[in-house]
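Read the structure below first, then the notes.
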Amino acid sequence: MEGLGLLYNGFVNSFTLVNLVACFAGALIGTIVGVLPGLGPTATMALMLPFTLKFGATTGLIMMTGVWYGAMYGGSTTSILVNIPGEAASVVTCLDGYQMCKKGRAGAALALVATGSFVAGTIGILGLQFFAPVLGNAALSFGPPEFLCFMIFAFVLLSNLSAEAPLKGALMIAFGLFLSTIGINPMDSYPRFTFGSEKLMLGIDFLPIAMGLFGIAEILSIALEKYVKPQINKIRFRDLYPSREEVRRSVYPTLRGSILGFFVGLLPGPCTVISTFVSYSLEKRLSKNPEEFGHGAVEGVVGPESANNSAVMGSMVPLLTLGIPFAAPSAIMLAGLRMHNVEPGPMLFTTHPDVFWTFIAAMYLGNIMLLVLNLPLVGAFAKIAVIRPQILMPIISLICLVGVYSVRNSIFDVWVMIVAGVVGLFLRKWKFPIAPFIIGVVLGPTTENSLRQTLMMFKGDVSLVGDRPVSLTLLALAAAFLAFKFAAPLFGKKFPLKIEEDSKL
Amino acid sequence: MGKAAIFRLATCFDFLMLVLGIVIAVIALGYGFGSFGRPGPGLYPFFLGVAIAVFALFILISELRSDNHKPILETEGAITLILMAATFALWIVAMPLLGYVIVTLLAAFAFCKIMLLEGWWKPLAVSGGTALFIYLLFDYWLYIDLPRGILG
Chain C
1 MEGLGLLYNG FVNSFTLVNL VACFAGALIG TIVGVLPGLG PTATMALMLP FTLKFGATTG
61 LIMMTGVWYG AMYGGSTTSI LVNIPGEAAS VVTCLDGYQM CKKGRAGAAL ALVATGSFVA
121 GTIGILGLQF FAPVLGNAAL SFGPPEFLCF MIFAFVLLSN LSAEAPLKGA LMIAFGLFLS
181 TIGINPMDSY PRFTFGSEKL MLGIDFLPIA MGLFGIAEIL SIALEKYVKP QINKIRFRDL
241 YPSREEVRRS VYPTLRGSIL GFFVGLLPGP CTVISTFVSY SLEKRLSKNP EEFGHGAVEG
301 VVGPESANNS AVMGSMVPLL TLGIPFAAPS AIMLAGLRMH NVEPGPMLFT THPDVFWTFI
361 AAMYLGNIML LVLNLPLVGA FAKIAVIRPQ ILMPIISLIC LVGVYSVRNS IFDVWVMIVA
421 GVVGLFLRKW KFPIAPFIIG VVLGPTTENS LRQTLMMFKG DVSLVGDRPV SLTLLALAAA
481 FLAFKFAAPL FGKKFPLKIE EDSKL
Chain S
1001 MGKAAIFRLA TCFDFLMLVL GIVIAVIALG YGFGSFGRPG PGLYPFFLGV AIAVFALFIL
1061 ISELRSDNHK PILETEGAIT LILMAATFAL WIVAMPLLGY VIVTLLAAFA FCKIMLLEGW
1121 WKPLAVSGGT ALFIYLLFDY WLYIDLPRGI LG
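Line by line, the protein sequences give chains C and S. In terms of the working numbering, the first sequence is residues 1 to 505. In terms of the working numbering, the second sequence is residues 1001 to 1152.
Laid out in structure tokens, this is it:
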């Protein structure tokens, strides 16, 4: 009952003009970003960070999450209509979505995806609403060893799931962790790697690095590509009605995708992308007509699209309850919350319960807004996909430049962003994943604190970790994962969950 | 940009990371390693440096053994990249002097031309619109005081 009361208060708080506008703006911008092949949700969220500073932490969080799951809604539009995924999590949707379009069922596919995304979003929010406080309470008993082991577990999975070559993922995590050590160490006020520079004393700010690696690198990457104008199929409102058979076939895949997506969202890595692949293969396996997959099977469209929406909510659980982001967008959110002096983690539910419950309530509202936006305006959103990057990219470039400068009035930050952008472009070309790096940067201070506190607690005897069941379980899981990963090729099996990180994560 | 140049660039990066890892570990030792029971400020970065060096070494070896050295940038792409980076750099250098509105207008125009937006009217309209949008967004809506340069 207490939860319902808190949720009611959340709705009261979210019904302020600023929160409603933030929710709508986030959902709208997210949908547009999802539709546009190019800029992804992570880049957009990094780009929007400076603008959230004007408002409170809750408003910023609402806006950013709106962008993230708005992009999941919007990403399907171009996948179905043009066979171009608007963002990485919609790649799978192209397989059957575009085939449905070729059969004249594009409208029905879009309507089912929008409805499925709404159902999945709602199930995801329900999951977040119930799981997060429970896990948050459990995490109150966690000490530094548990947090350290959680991070080791996350890093092992992240490096393996985010990159084609796990070593490249591991290198990026280690480099990100190192970058966070630059500046004065808060534990003993000792300046490290500053080389006498006053600018480096405060450390390297997260925002210019994130905007450079995700925003500027993406802009440069698009500038180097040849533009091919996409052909958009026209959609009329009356085309949006799916047949009774299509509705019947989409009910269970939607529910399965929603539940599966939420749990995949709890794992480290590009959860939204992984959830779509897992959902697609599950639906194909369960289908009575698996031969239809790849030729316009409605289950192959609604299942993955429901899964990626639900995964967004699932990935909010470790962020809000443990303060550990498992994906690049949630790392941006953590940075945003820290800019507002809100530290997510087990204490969030006691120190800032209003932030959590207002966020939950706003997500319910945002989900309804997205459904209302996406069904009637699908034709208009499809037209956005044909806006040329030669027009969009100059505008976005300059918003990045002025935006990052405006936060601290620092030219140094702008240089950092540009250097990070150019380096980021080459890292992508060489298949180094960016997400583990940025998560490493964000989690660096927490990892170091946990490591040092653990070592001091155990007086240097790390074998005492074995006395802590949670820590031991997490380390065992990480070791089992690595063992499976290395042993699978020996038995002639390919590791099934190798997802190459897309530039648009 | 030839294949050899790209091959060198990717390998140089791996080698640079290897050296960086070693340098980090050495510098970190100078900060004081302490002991496992009483860790010093250098303990954590020392292990990170070692990890970076080890990972970079393995990547470098696999890079050297790999036959796949596809060029990642053609000459045309390299020129576009250099021009884009130069425009970003010029914006940073000129913004405090000329003010953000003028520099934004010029940079947007330059970006349009670099990205081959044809004609003059479209680039002019995009750059004018961008400068106006940024002025309204930062000055009127967010009340952020940015350098106005010669516009005072």
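Backbone N, C-alpha and C define an ideal beta-carbon position, used for all residues, glycine too.
Taking Cβ to Cβ, would you say residue i is nearer than 9 Å to residue j?
{"i": "phenylalanine 1058 (chain S)", "j": "alanine 1025 (chain S)", "result": "no"}
{"i": "methionine 333 (chain C)", "j": "methionine 64 (chain C)", "result": "yes"}
{"i": "valine 441 (chain C)", "j": "alanine 331 (chain C)", "result": "yes"}
{"i": "threonine 77 (chain C)", "j": "valine 35 (chain C)", "result": "yes"}
{"i": "glycine 26 (chain C)", "j": "glycine 97 (chain C)", "result": "no"}
{"i": "glycine 215 (chain C)", "j": "leucine 39 (chain C)", "result": "yes"}
{"i": "threonine 194 (chain C)", "j": "glutamate 448 (chain C)", "result": "no"}
{"i": "valine 1126 (chain S)", "j": "proline 394 (chain C)", "result": "yes"}
{"i": "proline 436 (chain C)", "j": "methionine 45 (chain C)", "result": "no"}
{"i": "isoleucine 32 (chain C)", "j": "methionine 363 (chain C)", "result": "no"}
{"i": "alanine 1051 (chain S)", "j": "alanine 170 (chain C)", "result": "yes"}
{"i": "asparagine 9 (chain C)", "j": "aspartate 354 (chain C)", "result": "yes"}
{"i": "glycine 336 (chain C)", "j": "leucine 322 (chain C)", "result": "no"}
{"i": "alanine 328 (chain C)", "j": "isoleucine 434 (chain C)", "result": "yes"}
{"i": "methionine 201 (chain C)", "j": "arginine 452 (chain C)", "result": "no"}
{"i": "phenylalanine 51 (chain C)", "j": "leucine 1142 (chain S)", "result": "yes"}
{"i": "glycine 1149 (chain S)", "j": "leucine 1097 (chain S)", "result": "yes"}
{"i": "glutamate 305 (chain C)", "j": "valine 113 (chain C)", "result": "yes"}
{"i": "proline 268 (chain C)", "j": "leucine 135 (chain C)", "result": "no"}
{"i": "leucine 371 (chain C)", "j": "threonine 115 (chain C)", "result": "yes"}
Where do the ends of the alpha helix (DSSP H) carrying residue i lie?
{"i": "glycine 183 (chain C)", "result": "Here glycine 183 (chain C) belongs to no alpha helix (DSSP H); instead the beta strand (DSSP E) covers 183–185."}
{"i": "threonine 447 (chain C)", "result": "435–457"}
{"i": "threonine 42 (chain C)", "result": "41–52"}
{"i": "arginine 388 (chain C)", "result": "Segment: none, arginine 388 (chain C) is in no alpha helix (DSSP H) and carries neither H nor E."}
{"i": "leucine 110 (chain C)", "result": "106–139"}
{"i": "methionine 316 (chain C)", "result": "316–322"}
{"i": "glutamate 218 (chain C)", "result": "217–224"}
{"i": "threonine 93 (chain C)", "result": "91–102"}
{"i": "isoleucine 204 (chain C)", "result": "No alpha helix (DSSP H) holds isoleucine 204 (chain C); DSSP gives it neither H nor E."}
{"i": "tyrosine 69 (chain C)", "result": "57–82"}
{"i": "methionine 347 (chain C)", "result": "First-last for methionine 347 (chain C): undefined, no H or E at that position."}
First and last residue of the beta strand (DSSP E) that includes residue i?
{"i": "arginine 192 (chain C)", "result": "190–192"}
Short of 8 Å in beta carbon distance, which residues of its chain neighbour residue i, apart from the five on each side in sequence? Order them along the chain.
{"i": "leucine 95 (chain C)", "result": "Tyr280, Phe293, Gly294 and Gly300"}
{"i": "isoleucine 1114 (chain S)", "result": "Thr1080, Leu1083, Met1084 and Thr1087"}
{"i": "leucine 509 (chain C)", "result": "As displayed, chain C neither begins before 1 nor continues past 505, which places residue 509 (chain C) out of reach and without an answer."}
{"i": "isoleucine 396 (chain C)", "result": "Leu39, Leu47, Gly215 and Ile219"}
How long is the line joining the alpha carbons of residue i and residue j, rounded to whole angstroms?
{"i": "leucine 1090 (chain S)", "j": "leucine 220 (chain C)", "result": "16 Å"}
{"i": "asparagine 374 (chain C)", "j": "valine 317 (chain C)", "result": "26 Å"}
{"i": "methionine 100 (chain C)", "j": "leucine 28 (chain C)", "result": "26 Å"}
{"i": "proline 1039 (chain S)", "j": "leucine 455 (chain C)", "result": "7 Å"}
{"i": "serine 243 (chain C)", "j": "glutamate 291 (chain C)", "result": "21 Å"}
{"i": "leucine 398 (chain C)", "j": "glycine 124 (chain C)", "result": "36 Å"}
{"i": "glycine 127 (chain C)", "j": "alanine 120 (chain C)", "result": "10 Å"}
{"i": "leucine 1064 (chain S)", "j": "leucine 1009 (chain S)", "result": "12 Å"}
{"i": "aspartate 1139 (chain S)", "j": "isoleucine 384 (chain C)", "result": "28 Å"}
{"i": "glycine 66 (chain C)", "j": "leucine 464 (chain C)", "result": "43 Å"}
{"i": "alanine 22 (chain C)", "j": "valine 251 (chain C)", "result": "31 Å"}
{"i": "threonine 358 (chain C)", "j": "threonine 58 (chain C)", "result": "7 Å"}
{"i": "leucine 474 (chain C)", "j": "alanine 174 (chain C)", "result": "20 Å"}
{"i": "serine 287 (chain C)", "j": "tryptophan 68 (chain C)", "result": "30 Å"}
{"i": "arginine 468 (chain C)", "j": "methionine 151 (chain C)", "result": "15 Å"}
{"i": "isoleucine 1144 (chain S)", "j": "leucine 1132 (chain S)", "result": "15 Å"}
{"i": "phenylalanine 1055 (chain S)", "j": "glycine 1049 (chain S)", "result": "10 Å"}
{"i": "valine 378 (chain C)", "j": "methionine 72 (chain C)", "result": "14 Å"}
{"i": "serine 117 (chain C)", "j": "cysteine 400 (chain C)", "result": "30 Å"}
{"i": "valine 414 (chain C)", "j": "glycine 421 (chain C)", "result": "10 Å"}
{"i": "isoleucine 274 (chain C)", "j": "arginine 105 (chain C)", "result": "26 Å"}
{"i": "isoleucine 368 (chain C)", "j": "proline 41 (chain C)", "result": "20 Å"}
{"i": "asparagine 289 (chain C)", "j": "glutamate 246 (chain C)", "result": "14 Å"}
{"i": "leucine 53 (chain C)", "j": "histidine 340 (chain C)", "result": "7 Å"}
{"i": "alanine 217 (chain C)", "j": "leucine 425 (chain C)", "result": "5 Å"}
{"i": "alanine 43 (chain C)", "j": "alanine 307 (chain C)", "result": "22 Å"}
{"i": "glycine 1032 (chain S)", "j": "tyrosine 1044 (chain S)", "result": "10 Å"}
Counting only the same chain and skipping the five closest in sequence on each side, list residues whose C-beta sits under 6 Å from that of residue i.
{"i": "serine 79 (chain C)", "result": "Pro85, Ser90, Thr93, Cys94 and Gly97"}
{"i": "alanine 132 (chain C)", "result": "Val317, Leu320 and Thr321"}
{"i": "threonine 1011 (chain S)", "result": "Glu1063"}
- Could you give the uninterrupted runs of the alpha helix (DSSP H) lying entirely in the stretch 1021–1101 of chain S, keeping only those of 4 residues or more? 1043–1065 and 1075–1098
- Message: Which complete alpha helix (DSSP H) runs does the stretch 242–308 of chain C hold, if anything under 4 residues is left out?
- Response: 244–265 and 271–286
- Query: Considering only residues of the stretch 1107–1151 of chain S, which uninterrupted alpha helix (DSSP H) runs meet the minimum length of 4 residues and lie entirely inside it, listed in chain order?
  - Reply: 1121–1135
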